[in-house]
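Protein chains in written order, with my numbering: chain B, 8 to 232; chain V, 43 to 304. Ideal Cβ positions, reconstructed from N, Cα and C, are used throughout, including at glycine.
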Amino acid sequence: MKTIKEKHSLVMRWTHWVNFPILTVMIWSGMLIYWANDEYKITIFGHTYVRFFPDWFYNLLHIPARLAEGMAFHFLFMWFFTLNGIFYVGYTIISGAWRELVPQKKSWKEAWLVLLHDLHIRKMAPPQNKYNAAQRIAYTAIIVMGIGSVITGLAIYKPVQFYYLTWLCGGYHFARIIHFALTLGYVFFFVVHVVQVIIAGWNNFRSVISGFEVVNEKPKTATKE
Amino acid sequence: MSEPKKHTKPDTEAAVQKQINRRNFISFTTFTVLGVAAYGGWRKLYTSPIETLGITGEAHKPLRRALNKSELFFRNFFSNNHLVKTYPKSMAAKVVRKNTSIGADSRLDAANWRLQVKRISGEVLNITIDEIKALPKTDLVFDFKCVEGWDQIQHWGGVRFSDFVEHFGLHPETKLDYVGMETPDKGYYVGLDMASAMHPQTILAYEMNGLPIPVPHGAPLRLIIPVKYGIKNLKRIGTISFSNRRPHDYWAEQGYDYYSGL
């Protein structure tokens, strides 16, 4: 028989969906800023494999020559991004929801088994509650990355007033590199996340909007009656 | 007796399904409504009017308000005890990066150059470069930061703005909120809040890498203000004035944050 199984709290769903458009605006406005000094590339043994970013990419998204506008958007939405993050982290700590989220000792070993299962190499996935081991690691990592973006962001936004943050990030120059690399991390996370959500199916997706999953329970209740 | 039992099972199943449908409907409707509202809000912001050109310009009105509010918030963290990191002279760049010469691209008439200081009394001081060089010199090797995102360790030498103020008795002027600086041709101009101008690392520089500043870098006297982005580091200073209102500012007129503090 069908039953409703509560899965995601309202706060988790709210902050998740609020974060999505805010982070999108942050990444977009970040690109408007980055364009003005787009020096990062991946070079191995003198050969450049990736240049961030090629001209066709900039032109496609209308990035060029909008530095001032990018900064103005970035320094407004940084507030929403940070406040939403504080709200989520605060709730997760106080409600105890972190117990279902933060990796456990066994998660590091189990995450491999989850990966092998997802790649159809292994038949059985380890038993799980709300999140499996790989999810625990990924979803905790993305929160840590978010905190990292705020800290590296402040380190390059006010490097004199928050000199200790800049020092913590390895200096102004390096803080900007981390800030950029974290953004690439979000994009990578997003791609994997969306693929996984599609594979996981409707019931899972619905739970991040409605809060519950529908499970079929063996009709034990009938005998009790 | 058995009849109600038969009924309860389908009833509960139907009740559960009803609840599923109800909760789906409420949450998906809310989700859609909020999603559409968020998109509408975004479009409104994205197409919001550009401010009319005054002291600041070119920014969307709400975004300019946000920049000014953020300034007020982050000003709370400003302190003269927060110093920009300094480096040994050996780390300073030999080839110093230069972005623009706006306001300093005409021929420099070095012999007739004077620094004009407009006092609030109306009096105008005309100060020669030698008078400035006679004041105590401060060397500063720091990481110069451009609003574009690049940074470079540079070595500048000159007189602290606060020492300059002290020497010329400009204390009444420092009671005002802002300092304005302009190139002699008025082609480039910046406005600075008094706290940033009086920061112990703000200097009126006449040396770069231990030599007189070359013309492209702002000879004979330029502003070096490490608590601001490069856009505030005016080259070839012509006049200095004081005001309680924001003096006009070249890049703030073009959509950049007026404060631009680091």
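Is the Cβ-Cβ distance between residue i and residue j less than 8 Å?
i         : j         : result
GLY191(V) : ASN44(B)  : yes
LEU167(V) : MET223(V) : no
ILE279(V) : LEU234(V) : no
VAL269(V) : GLY303(V) : yes
MET236(V) : TYR220(V) : yes
GLU113(V) : TYR301(V) : yes
SER102(B) : SER16(B)  : yes
ILE216(B) : SER143(V) : no
LEU263(V) : ILE171(V) : yes
ARG183(B) : ILE158(B) : no
ARG117(V) : GLN194(V) : no
TYR253(B) : MET152(B) : As displayed, chain B neither begins before 8 nor continues past 232, which places residue 253(B) out of reach and without an answer.
Please report the distance separating the alpha-carbon of residue i from that of residue j.
i         : j         : result
HIS290(V) : LEU218(V) : 15 Å
ASN223(B) : THR10(B)  : 6 Å
LEU90(B)  : GLY260(V) : 43 Å
ASP299(V) : ALA75(B)  : 8 Å
GLU215(V) : ASN251(V) : 32 Å
GLU93(V)  : GLU100(V) : 6 Å
TYR308(V) : THR31(B)  : The first residue shown for chain V is 43 and the last is 304, placing residue 308(V) beyond what the model contains.
VAL167(B) : PHE184(V) : 11 Å
PRO104(V) : LEU253(V) : 46 Å
LYS127(V) : PRO71(B)  : 32 Å
MET8(B)   : ILE154(B) : 43 Å
GLY53(B)  : PHE187(B) : 22 Å
VAL189(V) : ILE273(V) : 7 Å
SER285(V) : GLN203(B) : 60 Å
PRO133(B) : ASN66(V)  : 30 Å
THR54(V)  : GLY218(B) : 21 Å
LEU109(V) : PHE64(B)  : 29 Å
So residue i contacts chain V; which residues on that side make the cut at Cβ distance below 7 Å?
i         : result
HIS180(B) : ASP193
ILE14(B)  : Note on residue identity: the sequence assigns Lys, not Ile, to residue 14(B). Neighbours of LYS14(B) on chain V: none; closest Cβ ~12 Å, over 7 Å.
TYR170(B) : HIS124 and LYS127
Quick one: is residue i near chain V, going by C-beta distance under 8 Å?
i         : result
THR10(B)  : yes
PHE80(B)  : yes
ASN136(B) : no
ASN44(B)  : yes
LYS165(B) : yes
PRO28(B)  : yes
ALA207(B) : no
LEU191(B) : no
TYR95(B)  : no
Using a beta-carbon distance below 8 Å, is residue i in contact with chain B?
i         : result
ASP185(V) : yes
SER69(V)  : yes
GLN35(V)  : In the structure displayed, chain V extends from 43 to 304; residue 35(V) sits before or after that span and is not available.
HIS197(V) : no
HIS305(V) : Summary: the structure shown does not reach residue 305(V), with chain V confined to residues 43 through 304, and so no result is reported for it.
ARG139(V) : no
VAL257(V) : no
LEU105(V) : yes
LEU114(V) : no
PHE73(V)  : yes
HIS49(V)  : Confidence at HIS49(V) is low in this model, with a pLDDT of 49, below 50, so its placement is unreliable and the value that follows should be read with caution. Chain B, which has no Cβ nearer than 8 Å to the Cβ of HIS49(V), makes this no.
VAL58(V)  : yes
In chain V, which residues lie less than 8 Å from residue i when you measure between Cβ atoms?
i         : result
ILE40(B)  : GLY191
ALA188(B) : What ALA188(B) touches in chain V: nothing, since even the nearest Cβ is about 15 Å away.
For residue i, which residues in the same chain have their Cβ closer than 7 Å to its Cβ, ignoring the five residues on either side in sequence?
i         : result
SER114(B) : ALA140, ARG143 and ILE144
GLN135(B) : none
PHE87(B)  : ILE29
ILE169(V) : ARG156, LEU157 and VAL159
PHE206(V) : LEU177 and LEU246
HIS49(V)  : No answer about HIS49(V) holds up, because its pLDDT of 49 lies below 50 and its placement is not dependable.
LEU137(B) : Here residue 137(B) turns out to be Lys, not Leu, going by the sequence shown. Cβ within range, chain order: LYS14 and GLU107.
ILE205(B) : none
Using C-beta distances below 6 Å, list every residue in its chain close to residue i, excluding the 5 sequence neighbours before and after it, in chain order.
i         : result
PHE80(B)  : SER36
GLU220(B) : LYS12, LYS14, ASN210 and SER214
VAL109(B) : THR147
ILE49(B)  : TYR56 and VAL57
GLU295(V) : GLY99
MET38(B)  : ILE70
SER204(V) : MET240
Taking C-beta pairs closer than 9 Å, name the residues in chain V that residue i reaches, listed in chain order.
i         : result
ASN66(B)  : By Cβ distance, chain V contributes nothing, its closest Cβ being about 19 Å from ASN66(B), past 9 Å.
ARG183(B) : GLY191 and ASP193
LEU175(B) : What LEU175(B) touches in chain V: nothing, since even the nearest Cβ is about 13 Å away.
So which residues on chain B does residue i lean against when the C-beta distance must stay under 9 Å?
i        : result
ILE62(V) : LYS9, ILE11, SER217, PHE219 and VAL221
With a CB to CB cut of under 8 Å and the five nearest residues on each side skipped, what residues in its chain are close to residue i?
i         : result
TYR231(V) : GLY145, GLY222, MET223, GLU224, THR225, LEU276, PRO289, HIS290, ASP291 and TYR292
PRO360(V) : As shown, chain V starts at 43 and ends at 304. That puts residue 360(V) outside it, with no answer to give.
ASN141(V) : CYS188, GLU190 and GLY272
VAL25(B)  : PHE87 and ASN91
Whose Cβ in chain B lies nearer than 8 Å to the Cβ of residue i?
i         : result
ASP299(V) : MET78, ALA79 and PHE82
GLU380(V) : No information on residue 380(V) is available, as it lies outside the stretch 43 to 304 that chain V covers here.
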